[in-house]
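Accompanying notes for the structure given below.
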Amino acid sequence: MGTSIFTEMTELARRTGAVNLGQGVPELPSPPQLLKDVADAVLSGANQYPPAVGFPALREAIAAHQLRRYGLDYRPAGEVLVTTGATEALAAALLALCDPGDEIVAFDPCYDAYAADARLAGARLVGVPLVLDGDGFALDADALRAAVSARTRVLILNTPHNPTGKVFTPDELAVVADVVREHALTVITDEVYEHLVYDEGARHLPIASLPGMRERTLIVSSAGKTFNTTGWKVGWVCGPAPLVAAVGAAKQFLTYASGTPYQEALARALGSVEGWAAELRGTLRGNRDLLTDGLTRAGLRPFRAEAGYFVQADVRPWGYEDGVQFCRELPERAGVVAIPTSAFYLTPDAPPWLVRFSLCKREQSLRTAVDQLIGAR
Numbered sequence: 413m414g415t416s417i418f419t420e421m422t423e424l425a426r427r428t429g430a431v432n433l434g435q436g437v438p439e440l441p442s443p444p445q446l447l448k449d450v451a452d453a454v455l456s457g458a459n460q461y462p463p464a465v466g467f468p469a470l471r472e473a474i475a476a477h478q479l480r481r482y483g484l485d486y487r488p489a490g491e492v493l494v495t496t497g498a499t500e501a502l503a504a505a506l507l508a509l510c511d512p513g514d515e516i517v518a519f520d521p522c523y524d525a526y527a528a529d530a531r532l533a534g535a536r537l538v539g540v541p542l543v544l545d546g547d548g549f550a551l552d553a554d555a556l557r558a559a560v561s562a563r564t565r566v567l568i569l570n571t572p573h574n575p576t577g578k579v580f581t582p583d584e585l586a587v588v589a590d591v592v593r594e595h596a597l598t599v600i601t602d603e604v605y606e607h608l609v610y611d612e613g614a615r616h617l618p619i620a621s622l623p624g625m626r627e628r629t630l631i632v633s634s635a636g637k638t639f640n641t642t643g644w645k646v647g648w649v650c651g652p653a654p655l656v657a658a659v660g661a662a663k664q665f666l667t668y669a670s671g672t673p674y675q676e677a678l679a680r681a682l683g684s685v686e687g688w689a690a691e692l693r694g695t696l697r698g699n700r701d702l703l704t705d706g707l708t709r710a711g712l713r714p715f716r717a718e719a720g721y722f723v724q725a726d727v728r729p730w731g732y733e734d735g736v737q738f739c740r741e742l743p744e745r746a747g748v749v750a751i752p753t754s755a756f757y758l759t760p761d762a763p764p765w766l767v768r769f770s771l772c773k774r775e776q777s778l779r780t781a782v783d784q785l786i787g788a789r
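If you use the working numbering, the sequence shown corresponds to residues 413 to 789, in order.
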């Protein structure tokens with residue numbers, strides 16, 4: 413595991429003073445009451461290990477959230493597990509469910525931790541490319557069916573999707589569910605952007621809510637993206653008791669438990685998340701529109717970001733065929749840092765000219781980046 417492109421681009425941003433639109437690190441505030449509740453929890457002495465499965469009130473709040481938003485009924489005891497962020501949840505799930513030689517299917521491009529987690533489990537990650545469809549990305553049903561083999565054990569479904577900003581449609585989810593049921597696979601869903609769907613009429617639909625899918629799905633989510641608390645590393649897993657128990661068996665030897673005061677505070681905040689999330693969506697939707705318009709005015713070709721933290725752009729209008737070269741030269745040329753999307757692809761025939769820009773920044777940061785990109789056109 414060598415130095416990643418993320419480390420390289422972050423160092424470029426530091427060295428050049430460029431606006432860093434590379435990593436998805438929010439510059440936006442968290443709910444004031446949530447911060448006060450954490451401080452109160454710390455001062456009241458909630459600083460020792462919580463239960464390994466998570467603070468009881470938080471597990472109850474997570475279960476209530478799933479039932480309220482999606483109609484999914486999970487028992488707080490046995491079907492909800494609190495983890496050290498979604499990152500640990502994903503790693504523990506793959507370690508629990510995969511043996512050496514197994515295969516895992518994921519949609520390409522994908523979050524780079526998936527490949528690392530597969531390697532840790534001794535499994536092979538197989539990418540199913542999302543196809544470019546106008547100004548967005550779409551499921552290739554035939555490619556999905558072709559990717560499943562006798563060795564496939566798990567399918568990772570990330571929706572809303574990082575890094576494309578795609579939200580899988582109900583029809584696409586139905587196709588995925590058909591394949592999963594046909595081959596008796598287990599689904600691990602990465603739903604950390606569940607509250608950050610921007611377009612009117614679009615919504616996040618958990619695949620676990622489809623017929624026959626609850627019993628074979630592990631839902632992974634977290635508080636980091638929803639509350640702008642990525643440094644707290646509080647995530648969770650929901651699913652049928654046998655699958656959750658397997659994840660817990662792996663998790664106990666990773667972190668065991670963490671974040672007691674954060675868990676206490678989040679248990680209160682999750683009950684009223686809808687109001688906060690609506691306000692945050694409005695801010696990020698404005699950022700999305702500002703960045704998309706700015707990239708267009710700068711002569712690049714942005715793709716539609718339906719959700720999440722990122723906008724994809726085609727950099728060929730600037731004369732680049734290679735997104736890595738573009739990103740390495742962009743800090744000096746325009747004072748902006750981005751990430752080449754090729755860093756997220758598993759398949760070798762990925763479009764090399766895609767680049768990812770982050771929108772979870774202060775409005776002034778985005779305006780500065782846009783102005784500099786337009787000026788460097």
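Glycine residues also receive a C-beta, built at the ideal position from the N, C-alpha and C atoms.
Please read all numbers here as calculations on a predicted model, not as lab measurements.
Secondary structure of residue i, DSSP reduced to three states
| i | result |
| --- | --- |
| P714 | strand |
| P729 | helix |
| A835 | With the chain represented from 413 up to 789, any question about residue 835 goes unanswered, as that position is not in the structure. |
| Q776 | helix |
| E612 | coil |
| A762 | coil |
| D520 | strand |
| W644 | coil |
| P541 | strand |
| G548 | strand |
| R768 | strand |
| F722 | strand |
| D357 | Residue 357 is absent from the model: the chain starts at 413 and stops at 789. |
| T629 | strand |
Pair within 9 Å by beta-carbon distance, residue i and residue j
| i | j | result |
| --- | --- | --- |
| P618 | E606 | yes |
| A788 | R745 | yes |
| R697 | D547 | no |
| V454 | L470 | no |
| V579 | D602 | no |
Residue from the options with nearest C-alpha to residue i
| i | options | result |
| --- | --- | --- |
| H573 | V587, D583 and L608 | L608 |
| G706 | V723, A719, G624 and A690 | V723 |
| Q412 | S684, G720 and D590 | Within the shown structure, residues of the chain are numbered from 413 to 789, placing residue 412 beyond reach of any answer. |
| V767 | E775, T780 and T753 | T753 |
| E741 | L424, T419 and S416 | L424 |
| P623 | E612, V588 and R700 | V588 |
| Y564 | L509, P541, N570 and A525 | Here the sequence assigns Thr to residue 564, which means Tyr is not the residue at that position. The shortest C-alpha separation from T564 is found at L509. |
| A755 | P743, E775 and D734 | D734 |
| S670 | V465, Y523 and G457 | V465 |
Contact test: residue i Cβ vs the ligand ADP heavy atom, cutoff 8 Å
| i | result |
| --- | --- |
| D552 | No copy of the ligand ADP occurs in the structure displayed, which carries no ligand at all. |
Short CB-CB distance (under 9 Å) between residue i and chain B
| i | result |
| --- | --- |
| T629 | Protein chains in the displayed structure number just one, and chain B is not present. |
- [ ] Examine the Cβ distances between the segment 546–557 and the segment 569–589 and report whether three or more of them are shorter than 8 Å.
- [x] A contact exists between the segment 546–557 and the segment 569–589.
- [ ] Give a yes or no on contact between the segment 675–694 and the segment 502–510, applying the rule of three or more CB pairs nearer than 8 Å.
- [x] No, because fewer than three Cβ pairs between the segment 675–694 and the segment 502–510 fall closer than 8 Å, the two stretches do not touch.
- [ ] Would you mind listing the beta strand (DSSP E) stretches within the segment 560–598 that are 3+ residues and don't spill past its ends, in chain order?
- [x] With a minimum length of 3 residues, the continuous beta strand (DSSP E) runs that stay inside the segment 560–598 are 564–570.
Open item on the list: What ranges does the beta strand (DSSP E) occupy inside the segment 431–518, keeping only unbroken runs of at least 3 residues that lie completely in it?
Closed with: Correct list: 492–495.
- [ ] State whether the segment 638–647 contacts the segment 423–430, with contact taken as three or more CB pairs (one from each stretch) at a distance under 8 Å.
- [x] No: fewer than three Cβ pairs fall under 8 Å.
TODO: Assess, as a yes-or-no matter, whether the segment 437–455 is touched by the segment 675–695 under the definition of 3 or more beta carbon pairs within less than 8 Å.
DONE: In the pairwise beta carbon analysis, the segment 675–695 is classified as touching the segment 437–455: at least three pairs are separated by under 8 Å.
- [ ] Check whether the segment 453–461 touches the segment 595–606, taking contact to mean three or more Cβ pairs, one atom from each stretch, closer than 8 Å.
- [x] Because the criterion of three Cβ pairs below 8 Å is not met, the segment 453–461 and the segment 595–606 do not touch.
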